[in-house]
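Throughout, my numbering is defined as the position within the sequence shown, counted from one, plus 214.
A virtual CB, placed ideally from N, CA and C, is assigned to each residue, including glycine.
This report refers to the structure that appears directly beneath it.
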Amino acid sequence: MINGKPLRTRPDMAGALNPRWARDGRIAIGQQFGSWTVLSAELLVRNAALYVMARCACGLEREANLRFMETGRSVQCKACATRQRHAKQAHFAVTTAAHRRVQKRVNAWFQRCNNPKDRSYKNYGGRGIECRFASVREAADWVLAHLPHPTYLALDLDRINNDGHYEPGNVRLVTRKANLANRRLSASTTCKTAGPVTGSPPTG
Ligand SMILES: [Zn+2]
215 MINGKPLRTR
225 PDMAGALNPR
235 WARDGRIAIG
245 QQFGSWTVLS
255 AELLVRNAAL
265 YVMARCACGL
275 EREANLRFME
285 TGRSVQCKAC
295 ATRQRHAKQA
305 HFAVTTAAHR
315 RVQKRVNAWF
325 QRCNNPKDRS
335 YKNYGGRGIE
345 CRFASVREAA
355 DWVLAHLPHP
365 TYLALDLDRI
375 NNDGHYEPGN
385 VRLVTRKANL
395 ANRRLSASTT
405 CKTAGPVTGS
415 PPTG
């Protein structure tokens, strides 16, 4: 006793488990927590927490935090958790660099048509332009199938009819250069305070 309070000792230092951790053999070999199966009823103290040896459904065996398993915070090993998270984001499952470029551009279609916070929304979604593909993945698959290109480097995916939607048949591949020239032209015709875009004055 110190100052009338019971002396608290760290269980790992005292060589015995803290009474509040006493479990009365409630952990049994073969007990299941999600994908975890308890392999040993022996309680291990690691970093002042209780662990037991357990096996994940994938076969990985490791010391698992008992309290996390009991409260549902730990249901599987880290590799399985990562695999599950990636499966949920399957529309971002990318196989090649070319595929990634297509995916990024297609994702931008959805953003500028559907997300009012996108900086280009007023020129797309705000004008009633829709992205009529069911998902980013479906749109990317359509582009890869119908507008094949080995790398998609320095290429943009452009709408054929500027007032049309992003939909099958209204998308084409153009060089980035042509697309930028196109944009600059349209910007100078609509901007009220249009000045020379480049430093040099018009020659013709
Ligand atoms: Zn696992």
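In the DSSP annotation of this structure, the continuous segment of the alpha helix (DSSP H) that includes arginine 315 starts and ends at 311-328. Per DSSP, the unbroken beta strand (DSSP E) holding leucine 371 starts and ends at 369-373. For ligand 1, no non-hydrogen atom lies closer than 6 angstroms to the CB of glutamine 298. Shortest Cα-Cα distance from glutamine 245 to any of Ala262, Ala271 and Arg260 involves Ala271.
Asparagine 337 carries a helical assignment under DSSP once its states are collapsed to helix, strand and coil. The criterion of a C-beta distance shorter than 7 angstroms is satisfied by tyrosine 338 and arginine 326. Spanning the alpha carbons of phenylalanine 247 and isoleucine 343 requires a straight line of approximately 49 angstroms. With a cutoff of 6 angstroms, glutamine 290 counts as near ligand 1, since its C-beta is closer than that to a heavy atom of the ligand. Taking one beta carbon from each stretch, the stretch 318-337 and the stretch 286-304 have fewer than 3 pairs nearer than 8 angstroms; the two do not touch. Counting along the chain, valine 350 sits inside the alpha helix (DSSP H) bounded by residues 350-360. The criterion of a C-beta distance shorter than 7 angstroms is not satisfied by valine 385 and alanine 354.
Taking C-beta separations shorter than 8 angstroms and ignoring five residues to either side along the sequence, the partners of isoleucine 241 in its chain run Val252, Ala255, Leu257, Val266 and Leu280, following chain order. The criterion of a C-beta distance shorter than 7 angstroms is not satisfied by tryptophan 250 and alanine 262. With contacts defined by Cβ atoms closer than 7 angstroms, leucine 358 and arginine 319 do not form a contacting pair. Linking tyrosine 366 to arginine 260 through their CA atoms gives a straight-line distance of about 51 angstroms.
With a contact defined as Cβ atoms closer than 8 angstroms, proline 364 and alanine 312 qualify at about 7 angstroms.
Counting along the chain, leucine 264 sits inside the beta strand (DSSP E) bounded by residues 263-269.
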